[in-house]
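*Asks:* Before we start, here is the structure in question, set down as structure tokens.
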Amino acid sequence: MPYRYDARLAEVIEAKWQEKWRREGTYHTDNPSGDLSSSDGAAIDLPKLFVMDMFPYPSGAGLHVGHPLGYIGTDVFARFKRMTGHNVLHTMGYDAFGLPAEEHARQTGEHPRKNTENNIANMQRQLDRLGLGHDQRRSIATTDVEFYRWTQWIFLQIFNSWYDVESDRARHIDELQLLFEEGNRKTIDGRLWEEMTESDHRKELSQWRLAYLGEAPVNWCPGLGTVLANEEVTNEGRSERGNHPVFKRPMKQWMMKITAYADRLLSDLDRLDWTESVKTMQRNWIGRSEGALVSFDLAINEKITVFTTRPDTLFGATAMVLAPEHDLIDRLVATDWPSGTPELWKNKCASPAEAVASYQQQAAEHSELERQENKEKTGVYLGSNCVNPVNGESLPIFIADYVLMGYGTGAVMSVPGQDQRDWDFAKKYEIGIVRTVQPPESFDGEAYTGDGPAINSGFLDGLEISEAKTQIREWLEANGCGERTVTYKLRDWLFSRQRYWGEPFPIVYDESGIPIAVPEEQLPVELPDLIDWAPRHLDEESDPEPPLGRASEWTTATYDIGDGLGERQFQRELNTMPQWAGSCWYYLRYLDPTNDERFVDEKVERYWMSDDDGGVGGVDLYVGGVEHAVLHLLYSRFWHKVLFDLGHVSGPEPFQRLFNQGYIQAAAFQDSRGVYVEAEEVEENDGVHTFEGQQVTRLFGKMGKSLKNSVTPDDMYAAYGADTLRLYEMFMGPLDQDRPWETKSVVGSHRLLQRVWRNLVDESSGDLRVADVDPDEDLKRLMHRTIESVGDAMAELRFNSAIARITELNNELTRSNEPVPREVADSLVRLLSPLTPHVAEELWELLGQKTSVVKASFPVADKNFLVEDSIEIPIQINGKVRSRLTVAADTDATALEAMALADEKIAALVNGKTIRKVISIPGRMVNLVVS
RNA sequence: GUCGGAGUGGCGGAAUUGGCAGACGCGCUAGACUAAGGAUCUAGUGCCCGUUACGGGUGUGGGGGUUCAAGUCCCCCCUCCGACACCA
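Have a look at this one:
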């Protein structure tokens, strides 16, 4: 059978069409203007659709079948939308800066650029084999100089901006300077602009910029030789990449003022078509919390300010607790224990100073993880007290490691009656407990956090929580000892890395050490071609050493920065940007990749990114894994909002609709020692798995080398072809679900294609065997029903259902064993083409079509064939199906009821009983309630 | 612990507004074709009972409820997956 559809024939067909598509630019998408616009411009008038995958890091390890799941999904969707009359933009790029290439370079001595380019070429080749319909003219890599030039340009936009709280948006820094000059805005320390020196001016502006050099406790990871963002550090206090220890240390680093956008990042989530889980993760990460700041008087001329969400419980405060790192501690430690200090509070120490010092040391030595694991509350008394503003009571001040320096003010008022942590602490140290909310009688717990009337609270007594909060807030504000406030868990984004393989900052310094922007027209600042690029392994005590510092010629640069002083020499910033930088905006570059005037043309951006129906705009469908729920998606939204505020993009959000594809899991097998064995060589018999005769245990996990359970696309191409792999991956289940890979099931998808092929093509001659006859009535109805449901399913990304419907139609064609009517063959091929484009193109050509099926229209169901003349109606008695009637589709309820009662079986069953009720739904069913 | 998502045959999974549960596929069983079959084709396949055609019961994690009718709606519970986790 030389023309049987098998792996060999599939490969011939696939190679043929991939070559043709490439040659003819089949997947090129028109822009409204610029290099990528076309002369006819016809496509531009169609509704636009921007479909995108989260672009991959070009790993050297090669693909396994789990990787392309989302890419196939977007490809099918994009093809479907093209066929339904949309101008679809779909391409792919590479997130190619980052640690792995550098780590690889360190091991092999190969330059990161070389390694990266090899990996990209390799990965591109593997993806090409899948027949993805990408516009490859638009492909970018973040490491391209022409790309990172614009990454640097965007950095400068951020650097040259400040957040105007009054208008709630970012504005150019020059506008702030103008406000200062006119005296319309106060400087941070209140000095007048004209009384400040030139250097003071620059320092002042630096403090307002959205990208600034900040001295803050940062995550120093000596193992990677760089500092890391909070988001890149695990709960165990290790680096997400490489699992190296991370230490908190104050250092001067580049920060981005993402906190200025906290509220907008939060509230705009409501306008996005994203999964609830990702929105929730972002909300949690932003961690907005409304409450009040309350100050407590001290013996010294200072106040302790606490943040609390429960100012209504102020009367119940019985202690003050500070984080061990709190900066007031030194000044609050008493010389001696006050008389009557309980032994419990002293931690066996002779003086408060000794107790505090040893506790602080102990806290510092414990990692975050140890502090978390140790849920037992501990602390020591400082030997001094503060005053509760609301009732003048003296509260002992403790330090305790359950209070975190990084949240709120690093100090809490301890209210054991209404907070379980405070309750635990109070119990352990025998501190008083005062309930200020009346628990219900049934309550038998410890701290009570529910609602109820205030008690023991003076003027608040009897008020419910929310009213009590309002009253106490007014009281605090009137008495000058508190104010309403909002805190966030979100911190500013640490943006510098001490690595080689990243975008250089377009920043230089003069003698003052205040950052200066490299003039825009001087971009890009290219990476030097370092020989010794690898970061050194350092220890906790050492300082980061940016590798760029070793490029001695590069570290200085001559620029005219436009300050009237002409060309001068400057020192370059030696840090590089984090890997997230490129992915913050790559989607915009897809739109206009060849533009060397702007990062994206305004008209082009508006065409692809704005929503005519009043939505937030952005990418119409963004598909990727849920692991980027916080990092990439939050950073990207932040950058987009800055660009929006500055007028560079048309909408406030980058990604209108986000879809998280599931992961392909695979069975992995462990022998009795717990060692993984080659999954491919495990045999199964009646549910028992054996490897080389030994029984092994099965589990499921991510595909990969470590579990020895990888299946590569190449294996599948060899056995079945790319179309079968595409079809199987889409058939396995809904796109957003994790699913286990089963190589043995792939044959099912192959059979479908084989049967389709056999129904249309003679396997021995290769000739088309369709008939130029009209399909009979039943087949015609089935065809239109199929068209309708396949179209619906594809529009909703339910490809598994679409395939099921196509299979049903094809099964019918197989059963009939007649030459397929041309009309049916034509529809079938078009229905299949988004899923399996190669075999569809081949069949399309055999059907005599001269233009690509990619450009064909998706079939449209004729509604006349969707309504049946006669339908089968179930007749139930007491909800159980007892008979069926075939009736005209438009039989009304009364007639249906009469026919049901006349039915032989029903009459027999009803005989002698009373019919209580008859429910007759035309077109659906009849139910008789009988007793 | 809190939040988010999900529990349907041996397996992956289908089921419009509540209206015939198990579409489609894998696997399995039987048969056809074959030198052979881990290819291909045909038929059957939720479970239990009965067996003569046929039938009867039961069934969507568990329990309760609403309804003529519940996988779907409401309440309680259990399990699994994911995120966050002393956030004051």
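The first sequence begins at 144 in the numbering used here and counts up by one.
C-beta: ideal position from N, C-alpha, C; glycine also.
1) Would you decide whether Gly588 is buried or exposed? Buried here means 16 or more other CB atoms lie within 10 Å of its CB.
2) With burial defined as no fewer than 16 other Cβ atoms inside 10 Å of the residue's Cβ, what is the status of Arg732: buried or exposed?
3) Could you tell me whether the Cβ atoms of Phe843 and Gln808 are closer together than 8 Å?
4) Between Thr737 and Tyr819, what straight-line distance do the alpha-carbon atoms span, to the nearest angstrom?
5) Only counting the same chain, and skipping five residues up and downstream in sequence, which positions put a Cβ closer than 8 Å to that of Asp703?
6) Is DSSP giving Phe812 helix, strand or coil here?
7) DSSP three-state call for Tyr643: helix, strand or coil?
8) CA-CA distance, Gln813 and Lys845?
9) Counting C-beta neighbours from all protein chains within 10 Å, is the total for Lys1056 16 or more, i.e. buried, or is it exposed?
10) Who pairs with Ala839 in a beta bridge, going by DSSP?
11) Looking only at DSSP bridge pairs, what is Glu358 linked to?
12) Out of Gln250, Trp644, Gly761, point me to the one whose CA is closest to Thr369's CA.
13) Helix, strand or coil: which one does DSSP assign to Ser537?
14) Return the residue from the list Pro689, Ile542, Ile930 that minimises the CA-CA distance to Asp470.
15) Taking just the CA atoms, how far does Ile401 sit from Pro211?
16) Could you name the residues of the same chain whose beta carbon sits closer than 6 Å to that of Tyr871, not counting the 5 residues immediately before and after it, in chain order?
17) Which residue wins for smallest C-alpha separation from Gly459, given the options Ile447, Ser410, Gly560?
18) Are the Cβ atoms of His207 and Ser849 separated by less than 8 Å?
19) Determine the contact status of Glu716 and Val651, defining contact as a CB-CB distance below 8 Å.
20) If you run the structure through DSSP and keep just helix, strand and coil, what is His832?
21) Measuring CB atoms only, is the segment 417-433 touching the segment 740-760, in the sense that at least three cross pairs come out at less than 8 Å?
22) For a quick check, are the C-beta atoms of Pro1017 and Val1024 less than 8 Å apart?
23) Pick helix, strand or coil for Glu826, following the three-state DSSP scheme.
24) Could you name the residues of the same chain whose beta carbon sits closer than 6 Å to that of Arg948, not counting the 5 residues immediately before and after it, in chain order?
25) Should Asn1070 and Gln1019 be called a contact, given that it needs their Cβ atoms to be closer than 8 Å?
26) From Leu538 to Phe586, what distance separates their C-alpha atoms?
27) Could you tell me whether the Cβ atoms of Asp544 and Ala498 are closer together than 8 Å?
28) Cα separation between Trp488 and Met556?
29) Considering Gly725, what are the terminal residues of the alpha helix (DSSP H) in which it resides?
30) Counting pairs of Cβ atoms below 8 Å between the segment 389-401 and the segment 352-372, do you hit three or more?
31) Check whether the segment 793-808 and the segment 764-773 are in contact - that is, three or more C-beta pairs closer than 8 Å.
32) Of the choices Pro856, Asn960, Leu952, whose alpha-carbon is the least far from that of Leu972?
33) Throw me the rounded Cβ distance for the Ala976 and Ala983 pair, which I believe falls under 8 Å.
34) Just tell me which of Leu367, Gly601, Arg693, Gly216 has its CA closest to the CA of Thr579.
35) Taking the continuous beta strand (DSSP E) assigned at Asn1054, which residues delimit it?
36) In angstroms with no decimal places, state the Cα-to-Cα distance between Thr285 and Gln614.
*Replies:* The structure says:
1) By the neighbour-count criterion, in which a residue is buried when 16 or more other Cβ atoms sit within 10 angstroms of its Cβ, Gly588 is exposed.
2) With 16 or more Cβ atoms within 10 Å of its Cβ, Arg732 is classed as buried.
3) Yes, these two residues count as a Cβ contact at 8 Å.
4) When rounded, the distance between both Cα atoms is 48 Å.
5) Sequence-distant Cβ neighbours of Asp703 in its own chain, meaning closer than 8 Å and more than five residues away, are Pro662, Gly709, Glu710, Arg711.
6) In the structure shown, Phe812 sits in a strand (DSSP, three-state: E or B).
7) Residue state, collapsed to three classes: coil.
8) If you take the alpha carbons of Gln813 and Lys845, they lie about 15 Å apart.
9) So Lys1056 ends up on the exposed side.
10) Note that residue 839 is Val in the sequence shown here, rather than Ala. Answer is none; Val839 lacks a bridge partner.
11) For Glu358, which the question treats as bridged, DSSP gives the partners Lys395.
12) Answer by Cα proximity: Trp644.
13) DSSP, reduced to helix, strand and coil, places Ser537 within a strand of the structure shown.
14) Closest option to Asp470, Cα to Cα, is Ile542.
15) Answer to the nearest angstrom: the Cα atoms are 33 Å apart.
16) Closer than 6 Å at the Cβ level, and outside the excluded window around Tyr871, lie Val889, Ser892.
17) Of the residues Ile447, Ser410, Gly560, the one whose Cα lies closest to the Cα of Gly459 is Gly560.
18) No; because the gap between Cβ atoms is not below 8 Å, this pair is not in contact.
19) The answer is yes: Cβ separation under 8 Å.
20) Note: His832 maps to strand in three-state DSSP.
21) Not touching, per the Cβ criterion.
22) Yes, these two residues count as a Cβ contact at 8 Å.
23) Of the three classes helix, strand and coil, the one that applies to Glu826 here is strand, per DSSP.
24) A distance below 6 Å between beta-carbons, with the five flanking residues on each side excluded, links Arg948 to the following residues of its chain, in chain order: Thr929, Ser932, Val933.
25) Contact flag set, yes.
26) Looking at the two C-alpha atoms, the distance is approximately 28 Å.
27) Their beta carbons are not under 8 Å apart, which means Asp544 does not touch Ala498 by this criterion.
28) Taking C-alpha positions only, Trp488 is separated from Met556 by approximately 17 Å.
29) Segment 723-726, the alpha helix (DSSP H) holding Gly725.
30) With the cut-off at 8 Å, the segment 389-401 and the segment 352-372 touch.
31) The segment 793-808, when compared against the segment 764-773, does touch it at the 8 Å Cβ threshold.
32) What sits at residue 972 in the sequence shown is Val, not Leu. From the listed residues Pro856, Asn960, Leu952, the smallest Cα separation to Val972 is found for Leu952.
33) The sequence shown places Ser at residue 976, rather than the Ala named in the question. So it is a contact: roughly 4 Å between Cβ atoms.
34) Comparing C-alpha distances from Thr579 to each of Leu367, Gly601, Arg693, Gly216 shows the shortest one belongs to Gly601.
35) It is not in any beta strand (DSSP E) - Asn1054 carries neither H nor E in the DSSP assignment.
36) C-alpha separation (whole angstroms): 54 Å.
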